[in-house]
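Going down the list, the protein sequences come from chains A and H.
Add 2 to a position in the first sequence, counting from 1, and you land on the number used in my numbering.
Add 100 to a position in the second sequence, counting from 1, and you land on the number used in my numbering.
Structure record follows, encoded as structure tokens.
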Amino acid sequence: MPSLKDLKNRIGSVKNTRKITKAMQMVAAAKLRRAQEAAVAARPYAERMNAVMTGLAASVSGSDQAPRLLAGTGDDRVHLLVVMTAERGLCGGFNSSIARLARSHAQALLAKGKTVKILTVGRKGREQLRRDLSQHFVGHVDLSAVKRIGYVDAQGIARDILARFDAGEFDVATLFFNRFQSVISQIPTAQQVIPALFGGAATSALYDYEPSEEGILADLLPRNVATQVFTALLENGASEQGARQSAMDNATRNAGDMINRLTIQYNRSRQAAITKELIEIISGAEAL
Amino acid sequence: MAGTLQFDLVSPERRLASFAVTEVGIPGTAGDLTAMAGHEATITTLRPGIVRAVGANGVRAFAVTGGFAEITAASVSVLAESAIPVEELTGTLLDKMIDEARSLAAMSLPEDRDTADKLVNDMLVLKTAAGH
């Protein structure tokens, strides 16, 4: 049975924890709103880009001149996994769910005898994958200094990926990130960027292309990689804050429950001590 | 007003402008072009330059660094890598962009060298055009 002083200290410390988690929750809620706004603001560009690319890809894919970024290297031996996670923890299962998806993906590829290379974005994912997949690491992008994710950050990552592709380091590149669904649900997603895949029906409008279709495609495919990386970063950013908000909300609630339980225990032992003292006094008086 | 088209300027980060215009001047890779209502549906890539949108409320100009434009009979969408209203364009900002383009040109592979150098030159032209 802990002493009254111990219980009091314990309650004090849980109360402090609750203050911290509450504050983190509110900060995450504010950041989430900003991250969501950024994600929404970026949507028109990504959607237009995707629509145009779909049309272009459909018209060029038949020909032999399709660029390698679209047609692939004709091989799928070496896979580059770009694992995007957060720089910070305390956001529930956010980082683990990405790492888990990436790990199972990597193991499936390894089982098929493919070569796997891993580029990590964000410290947490690297830490989680280091234990069993560190021999596959080829690079790391540190975004801890970045306050607000901008297109330049995505461009930097895309340039890195494209340089590796041009150097023939891999055949297929896949992005791993969490797609933001809501505060309580983020979906770990694997998205192939090289060779580019385009979903949806091609627009039927016929365009004049200036310069040629191939020329435009060669110009736009690298941009498209950057755009997809950017979208993934933004989705990830919103997901991270959403996950943190709900994790901290839970933590705050749990701390509250714990305080209630401890307070009851404290009151009971205080009462027990008083009762004991009274009994002692009364029985002492009776003995006289 | 007769013969207007919907003009949208979007950068990866946000939508910069969206309004009705009578004509839009676009710095295409293969040369400048002006789109007016009823223009043939065209997709063109951009070189660094100034997009000039002429609307009911006067002319608005934006400096863009690249990307592409989608032109249809009733709309023009410019998807720019980065776009800045000309009023906010400063010499230092331009110099920064030019430096970046230069360093990219220096890094690029021999076969891409010409394109990268052209980008730098286009930026320099943009700088003179903007009057800095």
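For every residue, glycine included, the Cβ atom is placed at its ideal position computed from N, Cα and C.
A quick note: this is a predicted structure, and the numbers were derived from the prediction, not measured.
Just how far apart, CA to CA, sit residue i and residue j?
i        : j        : result
A:Arg36  : A:Lys278 : 58 Å
A:Leu112 : A:Ala68  : 29 Å
A:Ile151 : A:Ser106 : 28 Å
H:His139 : H:Leu146 : 17 Å
A:Lys149 : A:Pro4   : 45 Å
A:Met250 : A:Ala257 : 10 Å
A:Ala108 : A:Leu121 : 12 Å
H:Thr104 : A:Tyr209 : 20 Å
H:Ala141 : H:Ala174 : 9 Å
A:Thr87  : A:Gln157 : 17 Å
A:Ser98  : A:Met28  : 23 Å
A:Phe232 : H:Leu204 : 20 Å
A:Ala275 : A:Arg125 : 52 Å
A:Glu39  : H:Ala117 : 17 Å
A:Gly94  : A:Asn180 : 13 Å
A:Val143 : A:Ile159 : 7 Å
H:Ala137 : H:Val154 : 12 Å
A:Val80  : A:Lys33  : 38 Å
A:Ala188 : A:Asp77  : The question names Ala, yet the displayed sequence has Gln at residue 188 of chain A. If I take the Cα positions, the gap works out to 32 Å.
A:Arg70  : H:Lys218 : 24 Å
For residue i, count the other beta carbons within 10 Å of its own beta carbon; 16 or more makes it buried, fewer makes it exposed. Which is it?
i        : result
A:Val42  : exposed
A:Lys21  : exposed
A:Arg246 : buried
A:Met51  : buried
A:Ala25  : exposed
H:Pro148 : buried
H:Asp108 : buried
A:Ser214 : exposed
H:Met101 : Residue placement at H:Met101 cannot be trusted, given a pLDDT of 47 that sits under 50; what the coordinates show is reported in the next sentence. Exposed.
H:Asp132 : exposed
A:Glu288 : exposed
A:Leu290 : exposed
A:Ala198 : buried
H:Thr228 : exposed
A:Leu280 : exposed
H:Asp222 : buried
H:Pro185 : exposed
A:Arg128 : buried
A:Asp221 : buried
A:Ala60  : exposed
A:Asn18  : exposed
Within 9 Å of any Cβ in chain A, is that where the Cβ of residue i sits?
i        : result
H:Pro185 : no
H:Phe107 : no
H:Gly167 : yes
H:Leu133 : yes
H:Val225 : no
H:Val220 : no
H:Met101 : Since pLDDT at H:Met101 reaches only 47, below the 50 mark, its modelled position is unreliable, and the value read off the structure follows with that caveat. So, not an interface residue.
I'd like to know whether the C-beta of residue i is nearer than 9 Å to at least one C-beta of chain H.
i        : result
A:Glu212 : yes
A:Ala101 : no
A:Asp173 : no
A:Gly239 : no
A:Tyr153 : yes
A:Ala37  : no
A:Ala48  : yes
A:Leu208 : yes
A:Asn44  : A quick correction: the sequence has Ala, not Asn, at residue 44 of chain A. By this cut-off, A:Ala44 is an interface position.
A:Ala40  : yes
A:Ala156 : yes
Return the Cβ separation of residue i and residue j in integer angstroms, given the expectation that the two are a contact with Cβ distance under 8 Å.
i        : j        : result
A:Ser1   : A:Gly244 : This structure cannot speak to residue 1 of chain A, because chain A is shown only from 3 to 290.
H:Arg202 : H:Val176 : The pair is not a contact, with the Cβ atoms about 31 Å apart (cut-off 8 Å).
A:Ala175 : A:Leu131 : About 17 Å; that fails the 8 Å criterion.
H:Ile143 : H:Glu170 : 5 Å
A:Val84  : A:Val118 : Not really, about 12 Å apart at Cβ, beyond 8 Å.
H:Ala120 : H:Ala161 : Wrong, their Cβ atoms sit about 17 Å apart, outside the cutoff.
A:Phe172 : A:Ala192 : That belief does not hold up - the Cβ atoms of A:Phe172 and A:Ala192 are roughly 15 Å apart, past 8 Å.
H:Ala130 : A:Glu212 : 5 Å
H:Arg54  : A:Pro46  : The structure shown does not extend to residue 54 of chain H, since chain H is modelled only from 101 through 232, so no value can be given for it.
H:Val178 : H:Gly166 : So it is not a contact: roughly 11 Å between Cβ atoms.
A:Thr265 : A:Ile13  : 6 Å
Could you check if residue i belongs to the surroundings of the ligand GDP, using beta carbon to heavy atom distance under 8 Å?
i       : result
A:His81 : Annotation note on the ligand GDP: not contained in the displayed structure, which lists no ligands.
Under 7 Å (Cβ pairs) to chain H, residues found in the stretch 50-77 of chain A: Along the stretch 50-77 of chain A, the positions whose C-beta sits under 7 Å from a C-beta of chain H are Arg50, Met51 and Val54, read in chain order.
If you measure beta-carbon to beta-carbon, which residues of the stretch 117-129 of chain H are closer than 8 Å to chain A? Those residues of the stretch 117-129 of chain H that come within reach of chain A (Cβ to Cβ, closer than 8 Å) are Gly128 and Thr129.
Taking a cut of 7 Å between CB atoms, which residues from the stretch 119-150 of chain A lie near chain H? Under the 7 Å Cβ criterion, the stretch 119-150 of chain A contributes no residue.
Taking Cβ-Cβ distances below 8 Å as the criterion, which residues of the stretch 210-236 of chain A are in contact with chain H? So the list reads Asp210, Tyr211, Glu212, Pro213, Gly217, Ile218, Asp221, Leu222, Arg225, Ala228, Thr229 and Phe232, given in the order they occur along the chain.
Contact residues within the stretch 174-206 of chain H, judged by C-beta distance below 8 Å to chain A: Answer in chain order: Ser177, Leu179, Glu181 and Ser182.
With 7 Å as the C-beta to C-beta threshold (strictly closer), list the residues of the stretch 138-164 of chain H near chain A in chain order. Against chain A - using a Cβ distance shorter than 7 Å - the residues of the stretch 138-164 of chain H are Glu140, Ala141, Thr142, Ile143, Thr144 and Thr145.
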